[in-house]
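Peer 1: If you're matching them up, the sequences are chains A and B in order.
The letter at position 29 of the first sequence is residue 29 when you use our numbering, and the numbering goes up by one with no holes.
The letter at position 332 of the second sequence is residue 794 when you use our numbering, and the numbering goes up by one with no holes.
I have a structure I would like to understand better, so I am pasting it below and will then ask my questions one at a time.
2 protein chains.
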Amino acid sequence: MADPADTQDPPYEDEVELDEPRLRAIREAIEARDRTQLDDLLEPMHGADIADLLEQITEAERATLLELWSGHVDGEILSELEESLREEILDALPAEDVAEAVRELDTDDVVDLIENLEDTDQADAILGALDEIDRAAVEQALTYPEYSAGRLMQREVVMVPSFWTVGQAIDHMRHAESLPEQFYHVILTDPRMRPVGHVTLGKILSSPRETPLSEIEEESFRTFEVTEPEAEVAYAFNQYHLISAPVVDHNDRLLGVITIDDAIRILDEEAGEDILRLAGVDSEEAISNRTFDVVRRRFPWLAVNLVTAILASMVISQFENVIAEVVALAVLMPIVASMGGNAGTQSLTVAVRALATRDLTGANVWRVIRREVVAGGINGLAFAVIMGIVGVVWFGTPMLGLVIAVAMVINLVVAGLAGVGIPVVLQKAGIDPALASGAFVTTVTDVVGFFAFLGLAAVWLL
Amino acid sequence: MADPADTQDPPYEDEVELDEPRLRAIREAIEARDRTQLDDLLEPMHGADIADLLEQITEAERATLLELWSGHVDGEILSELEESLREEILDALPAEDVAEAVRELDTDDVVDLIENLEDTDQADAILGALDEIDRAAVEQALTYPEYSAGRLMQREVVMVPSFWTVGQAIDHMRHAESLPEQFYHVILTDPRMRPVGHVTLGKILSSPRETPLSEIEEESFRTFEVTEPEAEVAYAFNQYHLISAPVVDHNDRLLGVITIDDAIRILDEEAGEDILRLAGVDSEEAISNRTFDVVRRRFPWLAVNLVTAILASMVISQFENVIAEVVALAVLMPIVASMGGNAGTQSLTVAVRALATRDLTGANVWRVIRREVVAGGINGLAFAVIMGIVGVVWFGTPMLGLVIAVAMVINLVVAGLAGVGIPVVLQKAGIDPALASGAFVTTVTDVVGFFAFLGLAAVWLL
Numbered sequence: 001m002a003d004p005a006d007t008q009d010p011p012y013e014d015e016v017e018l019d020e021p022r023l024r025a026i027r028e029a030i031e032a033r034d035r036t037q038l039d040d041l042l043e044p045m046h047g048a049d050i051a052d053l054l055e056q057i058t059e060a061e062r063a064t065l066l067e068l069w070s071g072h073v074d075g076e077i078l079s080e081l082e083e084s085l086r087e088e089i090l091d092a093l094p095a096e097d098v099a100e101a102v103r104e105l106d107t108d109d110v111v112d113l114i115e116n117l118e119d120t121d122q123a124d125a126i127l128g129a130l131d132e133i134d135r136a137a138v139e140q141a142l143t144y145p146e147y148s149a150g151r152l153m154q155r156e157v158v159m160v161p162s163f164w165t166v167g168q169a170i171d172h173m174r175h176a177e178s179l180p181e182q183f184y185h186v187i188l189t190d191p192r193m194r195p196v197g198h199v200t201l202g203k204i205l206s207s208p209r210e211t212p213l214s215e216i217e218e219e220s221f222r223t224f225e226v227t228e229p230e231a232e233v234a235y236a237f238n239q240y241h242l243i244s245a246p247v248v249d250h251n252d253r254l255l256g257v258i259t260i261d262d263a264i265r266i267l268d269e270e271a272g273e274d275i276l277r278l279a280g281v282d283s284e285e286a287i288s289n290r291t292f293d294v295v296r297r298r299f300p301w302l303a304v305n306l307v308t309a310i311l312a313s314m315v316i317s318q319f320e321n322v323i324a325e326v327v328a329l330a331v332l333m334p335i336v337a338s339m340g341g342n343a344g345t346q347s348l349t350v351a352v353r354a355l356a357t358r359d360l361t362g363a364n365v366w367r368v369i370r371r372e373v374v375a376g377g378i379n380g381l382a383f384a385v386i387m388g389i390v391g392v393v394w395f396g397t398p399m400l401g402l403v404i405a406v407a408m409v410i411n412l413v414v415a416g417l418a419g420v421g422i423p424v425v426l427q428k429a430g431i432d433p434a435l436a437s438g439a440f441v442t443t444v445t446d447v448v449g450f451f452a453f454l455g456l457a458a459v460w461l462l
Numbered sequence: 463m464a465d466p467a468d469t470q471d472p473p474y475e476d477e478v479e480l481d482e483p484r485l486r487a488i489r490e491a492i493e494a495r496d497r498t499q500l501d502d503l504l505e506p507m508h509g510a511d512i513a514d515l516l517e518q519i520t521e522a523e524r525a526t527l528l529e530l531w532s533g534h535v536d537g538e539i540l541s542e543l544e545e546s547l548r549e550e551i552l553d554a555l556p557a558e559d560v561a562e563a564v565r566e567l568d569t570d571d572v573v574d575l576i577e578n579l580e581d582t583d584q585a586d587a588i589l590g591a592l593d594e595i596d597r598a599a600v601e602q603a604l605t606y607p608e609y610s611a612g613r614l615m616q617r618e619v620v621m622v623p624s625f626w627t628v629g630q631a632i633d634h635m636r637h638a639e640s641l642p643e644q645f646y647h648v649i650l651t652d653p654r655m656r657p658v659g660h661v662t663l664g665k666i667l668s669s670p671r672e673t674p675l676s677e678i679e680e681e682s683f684r685t686f687e688v689t690e691p692e693a694e695v696a697y698a699f700n701q702y703h704l705i706s707a708p709v710v711d712h713n714d715r716l717l718g719v720i721t722i723d724d725a726i727r728i729l730d731e732e733a734g735e736d737i738l739r740l741a742g743v744d745s746e747e748a749i750s751n752r753t754f755d756v757v758r759r760r761f762p763w764l765a766v767n768l769v770t771a772i773l774a775s776m777v778i779s780q781f782e783n784v785i786a787e788v789v790a791l792a793v794l795m796p797i798v799a800s801m802g803g804n805a806g807t808q809s810l811t812v813a814v815r816a817l818a819t820r821d822l823t824g825a826n827v828w829r830v831i832r833r834e835v836v837a838g839g840i841n842g843l844a845f846a847v848i849m850g851i852v853g854v855v856w857f858g859t860p861m862l863g864l865v866i867a868v869a870m871v872i873n874l875v876v877a878g879l880a881g882v883g884i885p886v887v888l889q890k891a892g893i894d895p896a897l898a899s900g901a902f903v904t905t906v907t908d909v910v911g912f913f914a915f916l917g918l919a920a921v922w923l924l
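So, in structure tokens, the structure goes:
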């Protein structure tokens with residue numbers, strides 16, 4: 001017989017997630033202006049989910065929620081909100097709420113909160129709410145370049161002299177006036193305040209008090225220069241499985257520490273940026289943007305595409321007389337261009353991703369290009385046979401089948417070459433390959449596709 | 463005067479990164495079969511970088527490196543290798559090296575290592591190298607569904623009764639026979655071994671010995687069911703900034719713990735998968751795959767695209783007589799289709815990304831669709847004006863300008879609608895929108911683009 005206690009609820013209360021039924025219930029409570037219901041629904045929710053909720057409802061619903069809800073927008077919710085909404089929410093909050101929310105945050109989160117505020121009054125109000133030491137730390141951080149390690153780090157660190165023992169370190173932490181909200185290492189420094197190593201808290205907890213810290217420090221230790229780009233920092237955290245790492249000035253003196261949560265945020269942002277950029281969308285676009293923002297953010301890429309499409313049309317117009325004679329060419333020509341465009345996009349995406357993860361380097365670039373070209377040729381041959389048959393069956397002209405088959409092979413080989421070659425060349429030139437490759441590659445495959453198909457037709461069919 | 467000590471090297475030695483010069487030097491050392499040089503170059507490198515190196519060089523270079531190098535492939539390097547290379551490397555290593563490497567790993571890393579090995583002899587050899595307890599843990603983990611929390615967790619946990627004090631917990635850890643390689647929380651359990659909360663190591667270190675652990679436990683506490691999908695786990699780690707979380711069975715008993723490094727690996731894999739799938743590339747494709755693998759992995763998507771391209775051609779063929787009369791239509795028609803395809807891909811990518819980050823939900827889906835349709839209409843109007851003028855100037859036929867302008871507006875509106883609507887519907891149907899949306903959206907924009915343009919031309923120009 002099953003033990004009845006086994007089927008009891010777990011002894012703790014989990015925070016609830018923001019699922020569709022809860023979302024609907026919250027919107028109904030807002031609609032009904034039911035304050036009690038709203039409070040009950042929001043009470044067990046995590047700040048990150050409340051931020052998501054605020055992003056998903058309408059502006060009117062947000063205003064009602066903020067008016068009715070007896071809870072308050074705390075530092076965590078503010079940090080989690082996407083930038084386009086922060087100013088709206090900050091405007092809606094009483095000054096004392098903002099001050100209280102901001103004081104809960106570590107300095108790196110305050111920096112993240114205010115660095116992109118367009119409203120300088122709001123930024124000043126936030127800075128004014130901080131105590132003197134934190135304000136100085138935030139103002140100092142803002143002097144470092146955007147997207148640098150200095151903007152990511154928090155000033156709150158736990159450091160001890162490298163010659164101390166486990167017992168000394170524990171006593172120091174027990175008597176410290178304030179410790180960071182979260183920390184994972186005790187940093188060992190030399191007399192010049194330069195970090196020389198670090199010890200995990202687990203090692204400290206499992207070692208006798210008299211153990212010298214230098215005996216149990218981690219074998220692998222990395223520091224970051226304060227001006228190092230955040231992308232490099234995030235890459236290193238991911239590559240070397242770091243959990244926290246010290247940031248130093250150009251004299252190697254300890255300035256602060258970057259923790260894994262900051263690195264994850266950057267990794268997440270970068271993955272999202274690459275996906276959007278590959279499709280020609282401004283990487284800062286958010287789902288809560290207004291229509292006009294969307295129009296403005298999409299327009300440039302469509303304009304680029306228009307130019308490339310016109311280029312392709314100009315190729316076609318060179319062959320107007322051929323098309324006039326064999327109208328079937330107009331029917332079939334988009335197939336060659338489309339297959340080339342898709343094959344090129346496949347190669348391009350693999351290459352852009354491999355460049356981002358640093359798997360495509362000088363050591364294998366020629367091998368990868370050769371592989372893509374050969375793969376393009378083989379798939380080209382396969383589809384050439386298929387399309388050759390389709391061409392013959394559909395239009396009853398064997399020569400037409402041959403034209404489309406040969407054009408297909410040519411275009412898929414070119415697609416493989418351009419798909420890898422273009423992003424690699426752009427990266428060498430210091431241009432983000434995710435951003436610009438797509439336009440180049442499809443221009444190449446369109447132009448080559450139409451030219452090969454119509455050109456061969458002109459020679460062989462007329 | 464500057465303090466001369468300030469310009470000294472930092473007092474620790476950083477591990478070196480695998481940059482292009484080092485990569486070249488290593489390949490030269492392999493080529494020259496210079497064992498000493500090779501050892502010197504590899505010695506300061508992190509295991510993750512050595513794994514990357516092995517992925518980037520040729521098979522022949524790998525064989526020479528493994529033969530010459532006096533270091534050995536350790537557990538970390540094996541874990542970091544991409545799957546397609548693991549079997550090759552495992553085959554090349556002496557059995558005792560494999561055994562030693564595997565014994566260094568936590569159980570979750572062993573599971574990751576062997577779960578996809580096709581060579582069962584290799585898997586058996588690895589299992590055989592483990593001690594009895596670890597082998598039982600790995601075999602148990604392999605009974606959980608693929609891509610579930612049970613496969614991600616490590617069995618090594620630090621847990622204490624929830625009524626203990628800080629001092630008791632520290633003494634327990636000091637005397638524990640073995641502790642996990644990395645851990646961040648002490649898990650509090652009830653007498654039934656059910657986790658009821660957890661305490662960060664930082665809180666334990668900064669509290670007096672007599673403090674009850676229940677007084678300093680974290681406010682926010684989450685557990686995962688062992689069968690929960692790894693994608694849900696990774697989402698929660700990212701959303702709620704978790705650093706480690708217990709895994710429980712269906713009776714809420716503690717089974718193991720998932721740590722942030724596992725979650726990052728999943729997040730990273732998923733972002734990569736979405737990028738590749740959107741371009742119609744098999745998400746398991748790796749840059750070190752052989753040509754034939756690449757051909758096989760790319761073919762299916764190109765085949766789907768061929769079918770959709772033929773569909774579009776069949777639309778065109780309905781208007782052969784119109785094209786025969788006005789050949790300019792053949793020149794201009796790809797522009798309308800191409801602009802629609804690009805606008806659709808923009809909307810689609812934004813929608814797929816927002817679905818993945820759970821920013822697109824029932825609360826805002828209609829607003830987002832309306833926004834995309836209106837944005838498509840506005841951009842459509844802008845490009846309609848431009849293309850109308852181009853049409854008139856290029857071909858001198860005002861009516862042709864009007865045809866292309868109206869077709870452009872129609873296709874960009876449809877692109878916005880299809881771009882959001884199709885991934886949302888696919889997601890509802892349980893199909894990965896990243897995988898399948900692209901084909902549907904471009905089919906719609908091709909068909910609508912050609913039909914609107916040629917259809918209007920047939921009505922207005924003939």
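Here a beta-carbon is modelled for each residue, glycine too, at the ideal position from N, C-alpha and C.
Grouping DSSP H, G and I as helix and E and B as strand, with all else coil, what is A:I187?
Peer 2: If DSSP states are grouped into helix, strand and coil, A:I187 belongs with the strands.
Peer 1: If you drop the 5 nearest sequence neighbours on each side, which residues of the same chain put their C-beta closer than 7 Å to that of B:D536?
Peer 2: The residues are G509, A563, E566.
Peer 1: Where are the alpha helix (DSSP H) runs, 4 residues long or more, that stay fully inside the region 187-272 of chain A, in chain order?
Peer 2: As far as the region 187-272 of chain A is concerned, its whole alpha helix (DSSP H) runs of at least 4 residues are 201-205, 230-240.
Peer 1: Along chain B, which residues have their Cβ under 7 Å away from the Cβ of A:H241?
Peer 2: Under the 7 Å cutoff, chain B gives D723.
Peer 1: Where does B:P642 sit, in a helix, a strand or coil, going by DSSP?
Peer 2: Coil at B:P642, not helix or strand.
Peer 1: Could you compute how far the alpha carbon of B:W763 sits from the alpha carbon of A:I310?
Peer 2: If you take the alpha carbons of B:W763 and A:I310, they lie about 27 Å apart.
Peer 1: According to DSSP, simplified to helix, strand and coil, what is B:V535?
Peer 2: Three-state result, B:V535: coil.
Peer 1: Rounded to whole angstroms, what is the Cα-Cα separation between B:A611 and B:V573?
Peer 2: Between B:A611 and B:V573, the C-alpha separation is close to 12 Å.
Peer 1: For chain A, is any of its Cβ atoms less than 7 Å away from the one on B:I519?
Peer 2: For B:I519, the answer is yes, since a Cβ of chain A falls inside 7 Å of its Cβ.
Peer 1: Helix, strand or coil: how does DSSP classify A:P161 here?
Peer 2: A:P161 falls in the strand class under three-state DSSP.
Peer 1: Closer than 7 Å, CB to CB, is A:L400 near chain B or not?
Peer 2: By this cut-off, A:L400 is not an interface position.
Peer 1: Can you confirm whether B:Q889, when its beta carbon is compared against all beta carbons of chain A, has any partner nearer than 7 Å?
Peer 2: So no, B:Q889 is outside the interface.
Peer 1: Which residue from A:D108, A:T165, A:E225, A:Q182 puts its Cα closest to that of A:K203?
Peer 2: Here the closest residue by C-alpha is A:T165.
Peer 1: Would the region 251-260 of chain A and the region 181-188 of chain A be scored as touching if the rule is three or more Cβ pairs under 8 Å?
Peer 2: Yes, the region 251-260 of chain A is in contact with the region 181-188 of chain A.
Peer 1: Can you tell which of A:A434, A:I30, A:L68 has the C-alpha that lies nearest to the C-alpha of A:G272?
Peer 2: Here the closest residue by C-alpha is A:A434.
Peer 1: Once DSSP output is grouped into helix, strand and coil, what is the label at A:D3?
Peer 2: The pLDDT assigned to A:D3 is 45, lower than 50, so where the model puts this residue is not dependable; a value taken from the coordinates is nonetheless given after this. Correct three-state label for A:D3: coil.
Peer 1: B:G742 touches chain A at which residues, Cβ-Cβ below 9 Å?
Peer 2: In chain order: N342, T345, Q346, T349.
Peer 1: Where do the N-terminal and C-terminal ends of the alpha helix (DSSP H) with A:V295 fall, by residue?
Peer 2: Start and end: 291-317.
Peer 1: Using CA atoms only, rank isn't needed, just tell me which of B:L822, B:S640, B:V709 is closest to B:M655.
Peer 2: Comparing Cα-Cα distances from B:M655 to each of B:L822, B:S640, B:V709, the minimum goes to B:V709.
Peer 1: For B:M615, name the three-state secondary structure that DSSP assigns.
Peer 2: B:M615 falls in the coil class under three-state DSSP.
Peer 1: How about A:A279 and A:D446: are their beta carbons less than 7 Å apart?
Peer 2: Not in contact: A:A279 and A:D446 (Cβ atoms no closer than 7 Å).
Peer 1: Do we get a CB-CB distance below 7 Å when we pair A:V157 with the residues of chain B?
Peer 2: It does not: the Cβ of A:V157 has no partner Cβ on chain B nearer than 7 Å.
Peer 1: Give the C-beta separation of A:L329 and A:V322 to the nearest angstrom, bearing in mind that I take them to be a contact with Cβ-Cβ under 8 Å.
Peer 2: Right, their Cβ atoms sit about 6 Å apart.
Peer 1: Output the boundary residues of the alpha helix (DSSP H) element that contains B:I840.
Peer 2: Note, B:I840: alpha helix (DSSP H), 827-857.
Peer 1: Run the CB neighbour count on B:I705, radius 10 Å, all protein chains shown included, and call it buried at 16 or more, exposed below.
Peer 2: Result: buried.
Peer 1: Report all residues from its chain with a CB closer than 8 Å to the CB of A:R27; omit the five preceding and five following residues, and keep chain order.
Peer 2: Here the set comprises I57, E61.
Peer 1: Let's test the definition: count the other Cβ atoms within 10 Å of the Cβ of B:M486 and tell me whether it reaches 16, buried, or not, exposed.
Peer 2: A small correction: the amino acid at residue 486 of chain B is Arg; Met does not occupy that position in the sequence shown. It is exposed - the Cβ of B:R486 has fewer than 16 other Cβ atoms within 10 Å.
Peer 1: Please check the pair A:G455 and A:N411, which I expect to be a contact at CB under 8 Å, by giving their CB distance rounded to whole angstroms.
Peer 2: 12 Å between Cβ atoms; not a contact.
Peer 1: For B:V478, which residues does DSSP report across the bridge?
Peer 2: Beta-bridge pairing links B:V478 to B:M507.
Peer 1: Give the DSSP-derived three-state secondary structure of A:S288 in the structure shown.
Peer 2: In this structure, A:S288 counts as coil in the three-state DSSP scheme.
Peer 1: Smallest Cα separation from A:G401: which of A:V385, A:G128, A:A415?
Peer 2: The candidate whose alpha carbon is nearest that of A:G401 is A:V385.
Peer 1: A:S148 bridges to which residues according to DSSP?
Peer 2: A:P229.
Peer 1: Determine whether the Cβ of A:G167 lies closer than 7 Å to any Cβ atom of chain B.
Peer 2: Not an interface residue.
Peer 1: Report yes or no: is there a C-beta of chain B within less than 7 Å of the C-beta of A:T189?
Peer 2: No, A:T189 lies away from the interface with chain B (no Cβ there is under 7 Å from its Cβ).
Peer 1: Can you tell me whether B:S745 is helix, strand or coil according to DSSP?
Peer 2: It is coil, neither helix nor strand.
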